[in-house]
Amino acid sequence: GQQLNQSPQSMFIQEGEDVSMNCTSSSIFNTWLWYKQEPGEGPVLLIALYKAGELTSNGRLTAQFGITRKDSFLNISASIPSDVGIYFCAGRLTHTGGGNKLTFGTGTQLKVEL
Amino acid sequence: EAQVTQNPRYLITVTGKKLTVTCSQNMNHEYMSWYRQDPGLGLRQIYYSMNVEVTDKGDVPEGYKVSRKEKRNFPLILESPSPNQTSLYFCASSLVTGWDTQYFGPGTRLTVL
Numbered sequence: 036g037q038q039l040n041q042s043p044q045s046m047f048i049q050e051g052e053d054v055s056m057n058c059t060s061s062s063i064f065n066t067w068l069w070y071k072q073e074p075g076e077g078p079v080l081l082i083a084l085y086k087a088g089e090l091t092s093n094g095r096l097t098a099q100f101g102i103t104r105k106d107s108f109l110n111i112s113a114s115i116p117s118d119v120g121i122y123f124c125a126g127r128l129t130h131t132g133g134g135n136k137l138t139f140g141t142g143t144q145l146k147v148e149l
Numbered sequence: 002e003a004q005v006t007q008n009p010r011y012l013i014t015v016t017g018k019k020l021t022v023t024c025s026q027n028m029n030h031e032y033m034s035w036y037r038q039d040p041g042l043g044l045r046q047i048y049y050s051m052n053v054e055v056t057d058k059g060d061v062p063e064g065y066k067v068s069r070k071e072k073r074n075f076p077l078i079l080e081s082p083s084p085n086q087t088s089l090y091f092c093a094s095s096l097v098t099g100w101d102t103q104y105f106g107p108g109t110r111l112t113v114l
């Protein structure tokens, strides 16, 4: 099945730094979602994007739906220790019969150094 | 409290011994789904259900069965587990569609020897 490529795979940053990660696909999506997963828990939705070019913020998080509809970006400003976790992108393919299934990226593991 | 529950949370079993992982949600959600999570592969969808008695295959359905007899429950059945089904499994639900807010359960870690 379709997989989304996320980069970087992992990041080790200093507290207070800004973080950027992205997700790319060979197929067009009409919805992009960003999730965060903390150890021992299921993913939690952070931001949802529904339109090409859309830029949406949630506190210190900002995500963008790429204009080509094949990519999305997530930025975290002024990182803090509780930002630690794995960040996943997810998308829905735009084709007839695609159903209501999400395809997830491979994840970006974020570690924050005090 | 609105939640998705899964049982068991941890399970070690042997090849070929049938098992069921239960999933239940108390939010009256129509859509429910099962995922497996493996290192380096992210989450991959196994099966999903858009409503009672309506189920469909995700990206990796081989070796799994599901049923949706009641709105709140969506059990995952492994008729004859194999070691390559060792994984972390998540159940999720959402109000209607699969791409608005999905609430995930806490996960079930399955080991098949």
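Line by line, the protein sequences give chains A and B.
Start counting at 1 in the first sequence, then tack on 35, and there's your number in our numbering.
Start counting at 1 in the second sequence, then tack on 1, and there's your number in our numbering.
Just so you know, even glycine gets a beta-carbon here, dropped at the ideal spot from N, CA and C.
{"Item": "Whole-angstrom C-beta distance between Leu44(B) and Tyr36(B), which should lie under 8 angstroms", "Value": "4 angstroms"}
{"Item": "Beta-carbon proximity list for Gly88(A), same chain, < 6 angstroms, skipping 5 on both sides", "Value": "Ile102"}
{"Item": "From Thr112(B), Pro84(B), Pro76(B), Lys66(B), residue whose alpha carbon lies closest to that of Gln26(B)", "Value": "Pro76(B)"}
{"Item": "Extent of the continuous beta strand (DSSP E) run through Tyr49(B)", "Value": "43-52"}
{"Item": "Residue burial classification, Ala93(B) (beta-carbon count within 10 angstroms, cutoff 16)", "Value": "buried"}
{"Item": "Chain B contacts from the segment 56-83 of chain A (Cβ-Cβ distance under 8 angstroms)", "Value": "Thr66, Leu68, Gly75, Glu76, Gly77, Pro78, Val79, Leu80, Ala83"}
{"Item": "Contained beta strand (DSSP E) runs [length at least 3] in the segment 56-110 of chain A, N- to C-terminal order", "Value": "64-72, 79-84, 90-93, 96-100"}
{"Item": "Simplified DSSP assignment, three categories, for Asn74(B)", "Value": "strand"}
{"Item": "Those residues which DSSP pairs with Glu148(A) across a bridge", "Value": "Gln49(A)"}
{"Item": "Sequence-distant residues of its chain with Cβ nearer than 8 angstroms to Asn8(B) (five each side left out)", "Value": "Val22, Thr23, Thr109"}
{"Item": "Contact list for Phe100(A) against chain E, beta-carbon separation under 9 angstroms", "Value": "Absent from the structure is chain E; the protein chains it does hold are A and B."}
{"Item": "C-alpha distance - Gly106(B) paired with Val79(A), whole-angstrom precision", "Value": "10 angstroms"}
{"Item": "Neighbour flag for Thr141(A) against chain B, beta carbons, 7 angstroms", "Value": "yes"}
{"Item": "Positions along the segment 102-124 of chain A whose CB lies within less than 8 angstroms of some CB in chain B", "Value": "Phe123"}
{"Item": "Chain A contact residues for Trp86(B), given Cβ-Cβ distances below 7 angstroms", "Value": "The residue you asked about is not Trp; residue 86(B) is Gln in the sequence shown. The contacting residues do not exist; Gln86(B) stays about 17 angstroms from chain A at best."}
{"Item": "Gln38(B) classed as buried or exposed, judged by whether at least 16 other C-beta atoms fall within 10 angstroms", "Value": "buried"}
{"Item": "Straight-line Cα distance separating Ile121(A) from Leu149(A)", "Value": "18 angstroms"}
{"Item": "Residues of the segment 68-95 of chain B whose Cβ lies closer than 8 angstroms to any Cβ of chain A, in chain order", "Value": "Phe91, Ala93"}
{"Item": "When Lys66(B), Gln4(B), Ser50(B) are compared against Lys19(B), the one with the closest alpha-carbon", "Value": "Lys66(B)"}
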